[in-house]
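Under our numbering, read the sequence shown as residues 1 to 81, first letter to last.
Even for Gly, the Cβ is constructed at its ideal location relative to N, Cα and C.
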Amino acid sequence: MVIVNLLSYILVLLGALNWGLFGLFDFNLVSSIFMGPRSVGSIIVYSLIAVAAIWLIISPMITNGMLKLQGHREAKDTREA
Numbered sequence: 001m002v003i004v005n006l007l008s009y010i011l012v013l014l015g016a017l018n019w020g021l022f023g024l025f026d027f028n029l030v031s032s033i034f035m036g037p038r039s040v041g042s043i044i045v046y047s048l049i050a051v052a053a054i055w056l057i058i059s060p061m062i063t064n065g066m067l068k069l070q071g072h073r074e075a076k077d078t079r080e081a
């Protein structure tokens with residue numbers, strides 16, 4: 001689940017960067033990479049970004065409010081014996 005959360009954050013940040021570039025400079029990064037806004041590659045990327053955003057909304061509800069970004073680490077016992 002940690003990998004899915006990290007991947008979702010990266011995809012949502014990519015979507016936010018794309019919207020920022022489009023709003024400020026009228027430059028669509030995804031469509032320029034895939035040669036058009038309605039190309040198969042662009043549609044796949046846009047769909048993945050949407051699914052990632054939905055996952056980041058739903059995931060805390062599934063895990064009782066926790067969104068894990070790191071794996072489980074055991075605490076070391078630092079007490080003297």
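- Message: Please state the DSSP three-state secondary structure of residue 85.
- Response: Here the chain covers residues 1 to 81 and nothing more, so residue 85 does not appear.
- Alpha carbon to alpha carbon, what distance is there between residue 5 and residue 55? 8 Å
- Message: Among 2, 8, 19 and 3, whose alpha-carbon lies nearest the alpha-carbon of residue 53?
- Response: 8
- Query: Is it right to say residue 18 is buried, meaning 16 or more other beta carbons lie within 10 angstroms of its own, or is it exposed?
  - Reply: buried
- Item | Sequence ranges, alpha helix (DSSP H) only - wholly within the stretch 14-54, length at least 4 | 29-33
- Message: Our contact map puts residue 49 next to residue 11 with C-beta atoms below 8 Å; I'd like the distance itself, whole angstroms only.
- Response: 5 Å
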